[in-house]
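Participant: What follows is a structure written as structure tokens; I'll ask about it next.
2 protein chains.
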Amino acid sequence: MRRALRHPARLVPLAFLAFILAGAGLLMLPVSTETPEAAPPLTALFTSVSAVCVTGLVVVDTSTYWSGFGEAVITVLIQVGGFGIITAATLLGILTVGRMRLSNRLLAASENQALSLGDIGAVVRRVAVITVSVEAVVALALFLRFRYYYDFPVGKALWYGVFHSVSSFNNAGFGLEADSLMQWVTDPFVTAPVTAALIIGGIGFPVIVEVLRKSRLTRAMRGDRRRRPIPGWSVHTKLTMVTTGVLLAVGFAAYAVFEWTNPATLGPMNVGEKLWAAFVAGAMPRTAGFNNLPMADLTHETWMVTDALMFIGGGSSSTAGGIKVTTFVLLAVVIWSEIRGEPDVAVFGRKIPGSTQRQALTVALLGVAIVAVGTALVMIETEFSLDQVLFESISAFATVGLSTGITAALPPFSQLVMIVLMFAGRVGIVSLATALALRSRHRLYSFPEERPLVG
Amino acid sequence: MRRALRHPARLVPLAFLAFILAGAGLLMLPVSTETPEAAPPLTALFTSVSAVCVTGLVVVDTSTYWSGFGEAVITVLIQVGGFGIITAATLLGILTVGRMRLSNRLLAASENQALSLGDIGAVVRRVAVITVSVEAVVALALFLRFRYYYDFPVGKALWYGVFHSVSSFNNAGFGLEADSLMQWVTDPFVTAPVTAALIIGGIGFPVIVEVLRKSRLTRAMRGDRRRRPIPGWSVHTKLTMVTTGVLLAVGFAAYAVFEWTNPATLGPMNVGEKLWAAFVAGAMPRTAGFNNLPMADLTHETWMVTDALMFIGGGSSSTAGGIKVTTFVLLAVVIWSEIRGEPDVAVFGRKIPGSTQRQALTVALLGVAIVAVGTALVMIETEFSLDQVLFESISAFATVGLSTGITAALPPFSQLVMIVLMFAGRVGIVSLATALALRSRHRLYSFPEERPLVG
Ligand SMILES: [K+]
Ligand SMILES: [K+]
């Protein structure tokens with residue numbers, strides 16, 4: 001265990017791969033489908049990858065194709081995938097950050113760093129408590145609505161509550177209805193719990209823990225009545241919270257402006273419904289991927305904004321995908337510092353080290369490269385338009401699961417491209433970022449500096 | 001003059017703006033058009049911007065719309081635009097690099113640095129000598145072909161030789177025929193001089209000077225017969241030469257592979273013609289913009305590779321546009337160093353300072369942002385597809401001038417968007433990059449470091 005944790009960049013992808021294959025095996029059993037025939041291997045693999053990587057893209061309709069057993073398998077895959085991701089990412093985050101604190105000498109520390117089993121247990125317990133608490137509250141809220149307003153039988157209401165709660169907190173985006181959440185678009189009693197769950201799940205566990213620990217309420221409950229100033233949030237938490245707020249606002253504004261009069265989406269609603277539906281729809285690209293509006297009928301402008309929001313994604317060490325909001329905002333801060341001619345890159349009164357800047361650059365540009373190659377490959381095999389294929393590739397890479405409708409129609413090779421995008425986007429970026437931070441090397445000499453022209 | 005050069009980031013855009021307005025004024029005279037009516041202001045402005053920024057996008061056909069006088073105005077605009085860019089960029093490059101040598105303390109030096117008038121004169125003379133030499137050789141080669149193979153009258157052959165020579169060395173991409181170079185696609189005696197001129201013009205003046213100065217031939221001519229080892233090229237020159245070679249090979253391969261059987265492009269040719277036409281076509285995206293093949297009929301895969309090549313563009317301080325090959329390759333080096341876990345970012349045995357890395361990041365990501373916003377604005381106003389609009393926006397921003405055919409059909413607001421893209425892409429990136437390098441500031445305190453999670 002200790003040895004393996006020294007190379008978590010290898011451990012995590014292997015664990016996910018094993019889990020995906022096990023899930024695909026279960027989904028290939030005849031009992032997993034509604035019909036007597038078993039699912040073809042590619043369909044089972046695609047569904048398993050999509051579930052474990054909490055993406056939500058589907059090549060077959062979840063409710064009509066898979067049996068109750070199949071749906072239960074998918075639920076478990078989502079829950080374990082989401083839990084595994086959040087835990088792995090958090091552990092790796094602690095490994096990385098912890099190392100920084102242990103030693104100022106970035107490089108010397110990396111060889112001697114390993115987590116104790118006690119640390120791991122504490123992290124896993126905390127993640128589990130938060131996950132179960134949020135999911136239970138959301139599932140209860142949904143159950144009450146489904147049972148007492150829509151008059152579902154108790155069992156079905158419970159199942160719908162639990163499934164949608166798990167799917168939304170883990171930002172998986174799988175639904176039980178063929179139209180995802182569209183039939184409830186004007187019912188805030190369904191969409192509000194779902195949206196709250198996906199935003200909390202997408203904030204990231206380190207941020208949740210820090211916010212909870214430093215809140216007035218928590219301190220009051222602990223009996224800490226001293227009126228000393230609250231210790232400030234870390235830069236990571238500040239960046240995540242502020243950027244999340246800004247991106248939610250951008251998504252809301254884009255959907256409101258570009259869809260306001262679209263007869264296929266917001267057009268027929270009243271003003272209050274339009275505003276609420278736009279807010280919910282604007283929260284989905286990061287990166288829950290339910291749809292409350294028909295994605296195929298959105299304007300091309302909405303697609304482009306959604307592309308950007310999906311690519312950015314959610315918080316680090318969260319259930320959300322994408323390059324992560326801190327990656328995005330750090331790059332923006334670097335650019336701003338350069339334009340202003342600042343000697344250091346600093347934000348919220350803290351200097352951002354050059355190595356973190358380079359990590360952000362690497363994650364973002366590798367993301368661009370992966371999406372570009374995936375898009376090109378699908379363009380070569382199919383006749384879909386660039387905006388459709390780009391949307392679908394970003395949705396897979398950022399594990400969003402929104403679809404313009406082409407995924408179900410993709411030929412086998414393009415399905416494999418999507419599978420690779422989902423896996424790389426979910427597992428690759430986490431372990432890549434960590435591998436970047438951990439595998440630093442010594443070099444016993446230093447090169448002289450030279451300054452090429454750029455731009 | 002000395003005062004102005006301390007703020008070249010302001011001087012250069014203003015000079016270009018003045019020049020563009022003067023050109024637009026001349027093109028609005030009735031004598032500039034073939035018909036008695038004068039050109040509308042927007043058409044004249046678009047053409048002037050396209051010429052001064054050596055882009056080559058046109059809203060009217062150059063040969064049939066503009067009179068001989070109008071074409072002469074365009075030639076002068078191209079030549080002065082190209083010369084001005086190369087000179088300004090070179091001067092700014094010297095300012096930047098010179099400052100680095102004067103002092104190790106990056107920030108302290110910036111206040112006291114200014115070029116002497118003698119330095120400026122020497123730079124301008126050298127640029128002029130190289131420009132005129134290359135253009136004269138190319139014009140002569142073209143003249144001979146047009147006069148003695150195609151039997152043009154002497155005057156017309158001379159005019160075609162000079163115009164295409166100026167247009168290609170300056171990577172302007174304006175042609176005198178409605179089909180650009182397409183009728184000569186299988187004639188290497190026309191396309192080879194043009195391609196040689198645009199590659200040399202797009203390498204960048206600092207690289208040309210260094211290569212010439214350090215070549216065996218030059219040393220032999222100077223009577224330097226000592227057999228001492230040739231001093232190595234600078235990292236800038238090595239990066240530019242290697243990357244230019246790689247990008248030319250990528251362009252060649254993409255056009256050969258994706259167009260080989262396309263009946264509208266390479267399909268009907270024999271193997272030798274296909275290979276040559278693919279090489280010439282693959283050189284155009286960086287960023288000459290003539291077409292020897294009908295761009296509207298290319299496969300979508302070719303469009304996507306062309307998008308990437310156009311965005312990267314040519315060498316720094318050259319007549320080519322784009323984010324520049326050194327910017328691109330430096331970012332690749334940063335990513336490679338991160339993946340390998342190197343403590344420093346180094347290439348060719350030289351360390352690349354963090355400030356240069358940040359400049360490259362800033363230029364590239366601002367380029368992405370400008371192109372994305374331009375594309376979105378045109379998408380909102382028009383009904384063209386995303387791949388068409390993206391291609392045209394990159395072509396404008398990188399001052400390439402290749403077109404899928406939609407520029408002539410753009411409504412007024414979208415034409416203005418293209419004008420801004422051309423201006424920002426040409427003038428903005430040069431002065432931006434310089435502004436970034438020069439306007440460094442002191443800060444008398446330093447923030448403590450903090451390391452947010454990314455990815
Ligand atoms: K998702
Ligand atoms: K051009």
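Chains Z and X are the protein sequences, given in the same order. Each residue of the first sequence is one higher than the one before, starting from 1 at the first, in my numbering. Each residue of the second sequence is one higher than the one before, starting from 1 at the first, in my numbering. Every residue, glycine too, gets a C-beta built ideally from N, C-alpha and C.
Quick one: which unbroken alpha helix (DSSP H) runs of 4-plus residues sit fully inside the segment 257–322 of chain Z? Chain order, please.
Facilitator: Segments of the alpha helix (DSSP H) lying fully in the segment 257–322 of chain Z: 271–283 and 300–312.
Participant: Is the segment 188–207 of chain Z touching the segment 405–422 of chain Z in the sense that three or more CB pairs, one from each, lie closer than 8 angstroms?
Facilitator: The segment 405–422 of chain Z is not in contact with the segment 188–207 of chain Z.
Participant: Let me have the residue list for ligand 1: C-beta closer than 6 angstroms to any non-hydrogen atom, ordered along the chain.
Facilitator: Listed by chain position, these are V54/Z, T55/Z, G56/Z, N171/Z, A172/Z, G173/Z, T287/Z, A288/Z, G289/Z, T399/Z, V400/Z and G401/Z.
Participant: For the 8 angstroms Cβ check, are there 3 or more pairs between the segment 308–319 of chain Z and the segment 235–254 of chain Z?
Facilitator: Output reads yes: the segment 235–254 of chain Z touches the segment 308–319 of chain Z.
Participant: When you compare only the Cα positions, how much space is there between I394/Z and F311/Z?
Facilitator: Answer to the nearest angstrom: the Cα atoms are 6 angstroms apart.
Participant: What residue range is occupied by the uninterrupted alpha helix (DSSP H) comprising G201/Z?
Facilitator: P188 to I203 is the extent of the alpha helix (DSSP H) around G201/Z.
Participant: Please report the distance separating the alpha-carbon of N291/Z from that of L176/X.
Facilitator: Approximately 53 angstroms between the Cα atoms of the pair.
Participant: Report yes or no: is there a C-beta of chain Z within less than 7 angstroms of the C-beta of T362/X?
Facilitator: Cβ-Cβ to chain Z under 7 angstroms: yes for T362/X.
Participant: Please report the straight-line C-alpha distance between G251/X and A278/X, rounded to a whole angstrom.
Facilitator: Near 8 angstroms, if we compare the C-alpha coordinates of A278/X and G251/X.
Participant: Check each candidate in T55/X, C53/X and L26/X and name the one with the smallest Cα separation from P41/X.
Facilitator: The candidate whose alpha carbon is nearest that of P41/X is L26/X.
Participant: Just confirm the distance between the C-beta atoms of S167/X and G173/X, as a whole number of angstroms; I'd bet it's less than 8 angstroms.
Facilitator: Contact flag correct, Cβ pair sits at about 7 angstroms.
Participant: May I ask you to report which of helix, strand or coil DSSP gives W66/Z?
Facilitator: Note: W66/Z maps to strand in three-state DSSP.
Participant: Excluding the five sequence neighbours on either side, which residues of its own chain have a C-beta within less than 7 angstroms of the C-beta of V211/X, listed in chain order?
Facilitator: Within the same chain, V211/X has close Cβ partners T237.
Participant: Please classify W336/Z as buried or exposed, where buried requires at least 16 neighbouring CB atoms within 10 angstroms.
Facilitator: It counts as exposed.
Participant: Measuring only the C-alpha atoms, how far is G82/X from N170/X?
Facilitator: Approximately 5 angstroms, taken between the alpha carbons.
Participant: Apart from the five residues on each side of it in sequence, which residues of its chain come closer than 6 angstroms, Cβ to Cβ, to F19/X?
Facilitator: Hits under 6 angstroms: V52.
Participant: Measure the C-alpha to C-alpha separation of T131/Z and I208/Z and round it to an integer number of angstroms.
Facilitator: Cα-Cα distance, rounded: 11 angstroms.
Participant: Compare the beta carbon distance of A157/Z and F146/Z with 7 angstroms and say whether it is the shorter of the two.
Facilitator: For A157/Z and F146/Z, yes; Cβs fall inside 7 angstroms.
Participant: According to DSSP, simplified to helix, strand and coil, what is K214/X?
Facilitator: K214/X falls in the helix class under three-state DSSP.
Participant: Using a Cβ-Cβ cutoff of less than 6 angstroms, which residues in the same chain neighbour L275/Z once the five nearest sequence positions on both sides are dropped?
Facilitator: Once the five neighbours on either side are set aside, L275/Z has no close Cβ partner at all.
Participant: Beta carbon of G56/X, beta carbon of G405/X: below 7 angstroms?
Facilitator: In this structure, G405/X does not lie closer than 7 angstroms to G56/X by Cβ.
Participant: F16/Z CB to nearest chain X CB: under 7 angstroms?
Facilitator: By this cut-off, F16/Z is not an interface position.
Participant: Counting only Cβ-Cβ distances shorter than 8 angstroms, please list the residues of the segment 379–408 of chain X near chain Z, keeping chain order.
Facilitator: Cβ contacts with chain Z come from M379, I380, S385, L386, D387 and L390.
Participant: Which chain X residues are close to I130/Z, counting only those with a beta carbon under 7 angstroms from its beta carbon?
Facilitator: Result: empty, since nearest Cβ-Cβ is about 17 angstroms, beyond 7 angstroms.
Participant: Please name the residue in G272/Z, V333/Z and S355/Z whose C-alpha comes closest to that of V345/Z.
Facilitator: Among G272/Z, V333/Z and S355/Z, the Cα nearest to that of V345/Z is on V333/Z.
Participant: Kindly identify the DSSP beta-bridge partner or partners of T33/X.
Facilitator: In the DSSP output, where bridge partners are listed per residue, T33/X has W66/X.
Participant: For a contact meaning CB atoms closer than 8 angstroms, what does E210/X contact in chain Z?
Facilitator: Chain Z residues near E210/X: none, gap ~12 angstroms exceeds 8 angstroms.
Participant: I need the straight-line Cα distance from T319/X to G201/X, nearest angstrom please.
Facilitator: Taking the straight line from one Cα to the other gives about 6 angstroms.
Participant: Please confirm if the segment 286–305 of chain X is in contact with the segment 365–383 of chain Z, defined as three or more CB-CB distances below 8 angstroms between the two stretches.
Facilitator: The answer is yes - the segment 365–383 of chain Z touches the segment 286–305 of chain X, with three or more Cβ pairs under 8 angstroms.
Participant: What is the residue span of the alpha helix (DSSP H) that K156/Z lies within?
Facilitator: K156/Z -> alpha helix (DSSP H) spans V154 to F169.
Participant: Note the first and the last residue of the continuous alpha helix (DSSP H) segment covering L181/Z.
Facilitator: L181/Z -> no alpha helix (DSSP H), and no H or E assigned at all.
Participant: What do you reckon, are the CB atoms on A288/X and L198/X nearer than 7 angstroms?
Facilitator: Their beta carbons are under 7 angstroms apart, which means A288/X touches L198/X by this criterion.
Participant: Leaving out five residues on either side along the sequence, give the residues of the same chain with a beta carbon under 8 angstroms from the beta carbon of T299/Z.
Facilitator: Excluding residues within five positions, the ones whose Cβ falls inside 8 angstroms are F258, E259 and N262.
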